[in-house]
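Peer 1: Quick one: this structure, given as structure tokens, is what I'll be asking you about.
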Amino acid sequence: MSTEIEESEEQNREKSELNQEPVLLVKDVDPKLDDENKFESNGPVVEVIERSEIRKDEGNRTFTMRELLKELKDEGNEASSDAEFTTTATASDGDRLDAISPYSQDNIHQQYLGENNAAMDLINSVTGLDEEGRSRQRILTFAAKRYASAIDRNPEDYDALYNWALVLQESADNVSPDSSSPSKDALLEEACKKYDEATHLCPTLHDAFYNWAIAISDRAKMRGRTKEAEELWKQATKNYEKAVQLNWNSPQVIPSLW
1 MSTEIEESEE
11 QNREKSELNQ
21 EPVLLVKDVD
31 PKLDDENKFE
41 SNGPVVEVIE
51 RSEIRKDEGN
61 RTFTMRELLK
71 ELKDEGNEAS
81 SDAEFTTTAT
91 ASDGDRLDAI
101 SPYSQDNIHQ
111 QYLGENNAAM
121 DLINSVTGLD
131 EEGRSRQRIL
141 TFAAKRYASA
151 IDRNPEDYDA
161 LYNWALVLQE
171 SADNVSPDSS
181 SPSKDALLEE
191 ACKKYDEATH
201 LCPTLHDAFY
211 NWAIAISDRA
221 KMRGRTKEAE
231 ELWKQATKNY
241 EKAVQLNWNS
251 PQVIPSLW
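Taking the UniProt record's numbering, the leading residue of the sequence shown gets 1, the next gets one more, and so forth.
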């Protein structure tokens, strides 16, 4: 009888261990291969998942400016093509956007109130240095309208805020270095505001902190050796450090600190 009890207890222990095993199991991966792939966590596969399943506390959807412009250029071409059936040949870019927008005219007007209106005015003031620059700026203008519309639908869309900040920052780079217009600094300031809003909504958006730091440092460079520039450099450094803290092994962020 004692032997049967012991065997029964032994069987129960084995079942218990088997039930716990899935929690303890880890995938069998060659450590060397894992190290080689550790910088690829933000690659295309991860990005596809994040676009459909991203949550407020884990936002790390990022674009390089080249990827963003390519995507916008493709979408802009498709949108312009579709809009040709509903607009005249002399219609402006803004008219084409209205033609394809699913929103009423009243909503279109409302979305440009306040900061949205100021940011759009700044972007519209940029013309580009040459034909390539003008073409690039038309894409950026289309993008800004797209993200303004997204934020009008959902003010807490931190992806749209982050991407709009990128557009503003890139538009600032499109301003002539010899231009006396204050629009370059104003565009960077607006970009900083968007980065601030995006990181407030999603504090783990490390690329936003990184690009925000670049925008601040560009503003500091315009001010030479002044007290205002010194304060801006301090802010830029703080954001660089935050980007590293959130993603310490990023090959993009680390070189910027040196």
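Backbone N, C-alpha and C fix where the C-beta goes; we use that ideal spot for every residue, glycine too.
Say the cut is 7 angstroms; is the CB of Tyr-195 nearer than that to a heavy atom of the ligand NAD?
Peer 2: No copy of the ligand NAD occurs in the structure displayed, which carries no ligand at all.
Peer 1: Tyr-147 to Trp-233, Cα distance in whole Å?
Peer 2: On the sequence shown, position 147 is the one that residue 147 refers to. On the sequence shown, position 233 is the one that residue 233 refers to. Each residue's Cα considered, the two are about 29 angstroms apart.
Peer 1: Just verifying my parser: in three-state terms, what is the DSSP assignment at Trp-248?
Peer 2: On the sequence shown, residue 248 is found 248 positions in, with the first residue counted as 1. If DSSP states are grouped into helix, strand and coil, Trp-248 belongs with coil.
Peer 1: Taking the alpha carbon of residue 262 as the reference point, which residue from Lys-238, Asn-174, Ala-215 and Ala-220 has its own alpha carbon closest?
Peer 2: Residue coverage of the chain in this structure runs from 1 to 258, which leaves residue 262 outside it and unanswerable.
Peer 1: Would you be able to state if there are at least three C-beta pairs under 8 angstroms between the segment 208-223 and the segment 237-247?
Peer 2: Output reads yes: the segment 208-223 touches the segment 237-247.
Peer 1: Do you know offhand how far Val-126's Cα is from Asp-157's?
Peer 2: Translated into the one-based positions of the sequence shown, residue 126 becomes position 126. Translated into the one-based positions of the sequence shown, residue 157 becomes position 157. Going by the C-alpha atoms only, they are around 26 angstroms apart.
Peer 1: If I'm right that Leu-168 touches Ala-236 with Cβ under 8 angstroms, what's the distance once you round it to whole angstroms?
Peer 2: Residue numbering aside, residue 168 sits at position 168 when the sequence shown is read from its first letter. Residue numbering aside, residue 236 sits at position 236 when the sequence shown is read from its first letter. With 8 angstroms as the limit, Leu-168 and Ala-236 do not qualify as a contact, their Cβ atoms being about 17 angstroms apart.
Peer 1: Counting C-beta neighbours from all protein chains within 10 Å, is the total for Asn-154 16 or more, i.e. buried, or is it exposed?
Peer 2: As a working note, residue 154 is residue 154 in the sequence shown. Exposed, since its Cβ has fewer than 16 Cβ neighbours within 10 Å.
Peer 1: Where does the unbroken alpha helix (DSSP H) through Leu-140 begin, and where does it stop?
Peer 2: Within the sequence shown, the letter at position 140 stands for residue 140. It spans 131-153 - the alpha helix (DSSP H) in which Leu-140 sits, taken as one unbroken run.
Peer 1: What residues in its chain sit with their C-beta under 6 angstroms from that of residue 265, if we drop five residues either side in the sequence?
Peer 2: Only positions 1 to 258 of the chain appear in the structure, and residue 265 is not among them; the question remains open.
Peer 1: State yes or no: is the C-beta of Lys-184 within less than 8 angstroms of the C-beta of Ala-198?
Peer 2: Within the sequence shown, residue 184 is the residue found at index 184, counting from 1. Within the sequence shown, residue 198 is the residue found at index 198, counting from 1. Not a contact, by the Cβ cut-off of 8 angstroms.
Peer 1: To the nearest whole angstrom, what separates the beta carbons of Arg-219 and Leu-188, a pair I think is in contact under 8 angstroms?
Peer 2: As a position in the sequence shown, residue 219 is number 219, starting the count at 1. As a position in the sequence shown, residue 188 is number 188, starting the count at 1. With a Cβ gap of about 5 angstroms, Arg-219 and Leu-188 count as contacting.
Peer 1: Buried or exposed for Glu-190, please, with buried defined as at least 16 other CB atoms from any protein chain shown within 10 angstroms of its CB.
Peer 2: Numbered from 1 along the sequence shown, position 190 holds the residue referred to as residue 190. Buried.
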